[in-house]
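For reference, the structure is listed below as structure tokens.
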Amino acid sequence: MTSVESSAGGGKWLDAHYDPVAGLYTFSPCVDLADLSGDGESRLVVGDLGSGSTGMKLKVYRGTALMSESTLLDLPAGLVAFFMDLHEPRIPAVAVASGPCIYVYKNLRPYFKFTLPGLEVNALEQDVWQQAREGQIDPLTLKEMLEGIRKKADVPLSVRSLRFLSLEAEEADDFVHLHKHQPIRRQTVITCIGTLKKSTADEDGVSCLVIGTESNDVFVLDPEAFIVLSKMSLPAAPTMMDVTGQFDVEFRITVGCRNGNIYILRRESDKPKYCIELPSHPVGLVRVGKNVVVGCTDESLQGFTQKGKKLWKAVLAAPITTMAAMDLPTRGFQAVLVGLANCEVHLYRDKNLLSTIRTPDVVTSVVFGRYGREDGTLIMTTRGGGLMVKILKRTAAFEDRDSAPGPPLAQSVRLNVPKKTKLYVDQTLRERENGLAMHRAFQMDLSRLRLAAAKAYVKALESSLTPMSSSLSEPLKMNAVVQGLGPSFKLTLNIQNTAASRPVMNLAISFLYDEGLYRMRSPYMRIPLLVPGLVYPVETFVECTSDKGISDIIKVFVLYEGRSSPLLTAHINMPVSEGLMLN
């Protein structure tokens, strides 16, 4: 079986290997590529979750074959390959975060174990267990006192006390008898792990370990002595991180936390420098250049600057399952790989979709880099435990406009704004000094303009210079046209229904005029059904019966049949009859 690449991919990937029964159950933080033998060939290092309770292993692949595997004592939270010293040959070590410990492997053998420092224990909790140890209180009283401490104390209870509170009454006596003589400890666990270069940015430079813990702390560890070099606090427990820079110079640690926010830590502060508030919880975090790309649970991909300013947002077709960076230094190409729940892997550069890869199963982990001796290798694991390897073609070219609709790229280019001139500065100072007077003058001119417009409108209504009317209650519009020299005139009324889709029916037109001056053939007419958008002309003839050479106004009313209140009213200023004046 092979994965099927969509047309958006354009045949940019070669199918190198696919094993649907590899038995790899992992996620992206537990996958890395490293040259573990110093022979120039990179291996695939995987922290296998097994069944979730048993079968956890550290596996190393070379090519398509399993090269080595070691048993892990607990579920891995993440692993990284890093250089911990300057010894030759330059072979990286592998650090696996599991529970409260970091297990360091060198030459694929256990080398060192680091355990997180213990947390502060509640003093009241210690006192209560001391009383139970001395027999001053029974297990029932101990349970009641611990319950009260848990509700009010600032320091959380230890795991022992929480487990005791969850037991039934018949099991409490045995539990107290078994554990009351043991010291109380509070231990946190590791949630995420990363690496930070110590003093140089070289690819084989010595790196520090950066770990996030369930106790809302971030630790930076020395790579040789494994002591805490720096400790930083967060408002919530971190779940993912991205690290850049050097510890001795300047660094930034971008952390996604369980409260749904992204925090950015810097070297000079033990508290977050910037905070990015997201509309939903993050599920993936990747740094591309100086920007941060975050995948959220609302099926969106968003880009931010290092200071938290939002740059763009792309809406996805399915929930995100995993994310990873795609970096090709030889081509100067950087992008983001996004695995989706609809069995697709999308490649994004900014908000532009460059390629789509369809897979036989949902992808759970993605890693891109040098594998073996091939630089552009994409390795994926699937939900069913499959292993997939793809190689980027050397002739592959990605274009930002392959399949990404939206505004042109030129829209995001900054304008070349000219420098401030002396005239501009002087004008700005004048506006600051005379702002109140300028505002009053503007308001005065605006009021005069409104008054002039109102006077012109009233004059037009009174003189009927614009014989047009519109209704506020119904979507109707009407204008009138008078043709002829007299004594007979042709009067045409153009009526239009301006509604979007609703027709208007049962309308009529009535004329009000001086019967001593004019005579009309049809002073009352019915209007047919008005279809939206069409103009209906209604014609009638008016005859001037006066020989005095004067004219008058004819009023036009549009109303519903059987009603007296008009919907539209228009005043038509009739011209002087030239025919009667000649007679």
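For this note's numbering, add 1123 to where a residue sits in the sequence shown, where the first one is 1. Glycine included, C-beta positions come from ideal geometry on N, C-alpha and C.
- Distances from the alpha-carbon of residue 1381 to those of 1177, 1436 and 1336 put 1336 closest.
- Taking 8 Å as the upper bound for CB-CB distance, residue 1655 and residue 1620 are in contact here, some 5 Å apart.
- Closest in C-alpha terms to residue 1340, from the list 1308, 1346 and 1223, comes 1223.
- Listed as beta-bridge partners of residue 1627 by DSSP are 1653.
- DSSP places residue 1613 in the uninterrupted beta strand (DSSP E) bounded by 1611 to 1620.
- The beta-carbon distance between residue 1512 and residue 1489, rounded to whole angstroms, is 12 Å. This is too long to meet the 8 Å contact definition.
- In this structure residue 1220 touches residue 1313 by the C-beta definition: roughly 4 Å separates them, less than 8 Å.
- DSSP, reduced to helix, strand and coil, places residue 1292 within a helical segment of the structure shown.
- Rounded to the nearest whole angstrom, the C-alpha separation of residue 1604 and residue 1673 is 19 Å.
- Of the candidates 1642, 1506 and 1649, 1642 places its Cα closest to the Cα of residue 1677.
- At a Cβ-Cβ threshold of 8 Å, residue 1385 and residue 1376 do not count as neighbours.
- Note on geometry: alpha-carbon atoms of residue 1371 and residue 1207 lie some 15 Å from one another.
- C-alpha of residue 1565 to C-alpha of residue 1575: approximately 15 Å in a straight line.
- Scanning its chain for C-beta atoms nearer than 7 Å, with the 5 sequence neighbours on each side dropped, one finds around residue 1644 the residues 1663 and 1664, in chain order.
- A distance below 6 Å between beta-carbons, with the five flanking residues on each side excluded, links residue 1317 to the following residues of its chain, in chain order: 1333, 1364 and 1366.
- Residue 1189 and residue 1409 have their C-alpha atoms roughly 29 Å apart.
- With contacts defined as CB atoms closer than 8 Å, residue 1484 and residue 1507 qualify as a contacting pair.
- The C-alpha of residue 1216 is placed about 10 Å away from the C-alpha of residue 1330.
- In its chain, beyond the 5 residues on either side, 1205, 1206, 1207, 1208, 1321, 1329, 1330, 1331 and 1332 have a beta carbon closer than 8 Å to the beta carbon of residue 1346.
- CA-to-CA, the gap between residue 1239 and residue 1388 works out to about 21 Å.
- Scanning 1426, 1668 and 1167 for the CA closest to the CA of residue 1413 turns up 1426.
- Contact annotation: residue 1651 and residue 1633 have beta-carbon atoms that are not nearer than 8 Å.
- Secondary structure note for residue 1274: its alpha helix (DSSP H) is the uninterrupted segment 1262 to 1275.
- Note on residue 1628: under 16 other CB atoms within 10 angstroms of its CB, so exposed under the neighbour-count rule.
- Per DSSP, the continuous beta strand (DSSP E) segment holding residue 1138 begins and ends at 1136 to 1142.
- For residue 1425, the uninterrupted beta strand (DSSP E) segment begins and ends at 1423 to 1427.
- Residue 1220: member of the beta strand (DSSP E) spanning 1216 to 1221, first to last residue.
- Taking residue 1164 as the centre and dropping the five residues before and after it, the same chain places the C-beta of 1158, 1185, 1495 and 1496 closer than 8 Å to its C-beta, in chain order.
- In this structure, residue 1471 sits near residue 1437, with a CB-CB distance shorter than 8 Å.
- With contacts defined by Cβ atoms closer than 8 Å, residue 1232 and residue 1327 do not form a contacting pair.
- Per DSSP, residue 1496 lies in no beta strand (DSSP E) and is assigned neither H nor E.
- Counting the other Cβ atoms within 10 Å of the Cβ of residue 1487 gives 16 or more, which makes it buried.
- Residue pairing by DSSP puts residue 1155 in a beta bridge opposite 1168.
- Counting C-beta pairs closer than 8 Å gives fewer than three between the stretch 1146 to 1161 and the stretch 1536 to 1543, which falls short of the contact rule.
- In this structure the stretch 1290 to 1297 does not touch the stretch 1165 to 1179; the number of beta carbon pairs closer than 8 Å is below three.
- At a Cβ-Cβ threshold of 8 Å, residue 1681 and residue 1614 do not count as neighbours.
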